[in-house]
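Encoded as structure tokens, the structure appears first; notes follow it.
Residue numbers (this note's numbering): 1078 to 1330.
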């Protein structure tokens, strides 16, 4: 049985690291998870699950292993420092990119997918394998968050990136509802030499803002899988418009 995270030791970052995050829009922190914690999660994911096990982007509300990572004190402690507030969990995702061509996610800003008010959105992307450019590791455009929300279009399906579109139900704070079609976004006016391809070791993570341009490319290694776990957070009191992820979860248990 998993032990709760409340009261566990919390990793803290320095003021220089906090400033780096706000200047660059991202921060790499190694050793967020122990090797055993990573192995426990991957072993859990490898086991058969009931048909109704996954709860969309809110599996952290039902699955103890997902909840363990989404509320991990090293992750939420640093998130609290970067937000300067108590983080609320919006969504969680397990990203399994297979060797020899597993597609990536086109370069985008998360705020395009998760409209929120005020915009306090941020994410932590945790490497569950050693990740680098060859096996489709995370990419960022440093400083891109300083330009605000930028122009994007629907990406074309390719060997690098999958393409999709889905209708989502939206609701504002006054109760007004509408349907909005979202698709796989790709940023415009981003030059290849602006994109920084990161190397992040197993158990390490990347914290980035909701306006930081990021994504990944296909896994071009022949035998190295690339797995990652991503959690999105907002400050307490933030309104999320999409109804499928509108119910926020406290990061402390």
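Just so it is clear, CB atoms sit at the ideal spot from N, CA and C, and this is done for glycine as well.
All figures in this text were calculated on a predicted structure; none of them were measured in a lab.
Taking the C-beta atoms as reference points, residue 1227 is found no nearer than 8 Å to residue 1165. Residue pairing by DSSP places residue 1183 in no beta bridge whatsoever.
Residue burial is scored here from C-beta neighbours: residue 1112 has fewer than 16 other C-beta atoms within 10 angstroms and is therefore classed as exposed.
Excluding the 5 residues flanking it on each side, residue 1236 has same chain C-beta neighbours closer than 8 Å at 1178, 1180, 1295, in chain order. The three-state secondary structure of residue 1108, taken from DSSP, is coil. Counting only runs of at least 4 residues, the segment 1086-1160 fully encloses the following alpha helix (DSSP H) elements, listed from N- to C-terminal order: 1092-1101, 1112-1123, 1141-1147, 1150-1160.
Restricting attention to 1195, 1090, 1198, the CA atom closest to the CA of residue 1152 is found in 1090.
Using a Cβ distance threshold of 8 Å, residue 1154 and residue 1285 do not count as a contacting pair. Taking 8 Å as the cut-off, the Cβ atoms of residue 1276 and residue 1214 count as close.
The criterion of a C-beta distance shorter than 8 Å is satisfied by residue 1143 and residue 1169.
In the DSSP annotation of this structure, the continuous segment of the beta strand (DSSP E) that includes residue 1166 starts and ends at 1164-1174.
Every beta strand (DSSP E) of 3 residues or more that sits fully in the segment 1223-1274 is shown, in chain order, as 1229-1231, 1242-1248, 1254-1260, 1262-1264. Leaving aside the five residues that flank residue 1250 on each side, the residues in its chain whose CB is nearer than 6 Å to its CB run, in chain order, 1316. By alpha-carbon distance to residue 1210, the top candidate from 1195, 1292, 1137 is 1292. Annotated as distal: residue 1190 and residue 1273, with beta-carbon spacing of 8 Å or more. Across the set 1287, 1136, 1206, 1193, the C-alpha of 1287 shows the shortest separation from the C-alpha of residue 1221. Annotated as distal: residue 1176 and residue 1322, with beta-carbon spacing of 8 Å or more. If you check the CB distance, residue 1282 and residue 1203 come in under 8 Å. Residue 1308 carries a strand assignment under DSSP once its states are collapsed to helix, strand and coil.
Between residue 1218 and residue 1105, the C-beta spacing is not below 8 Å.
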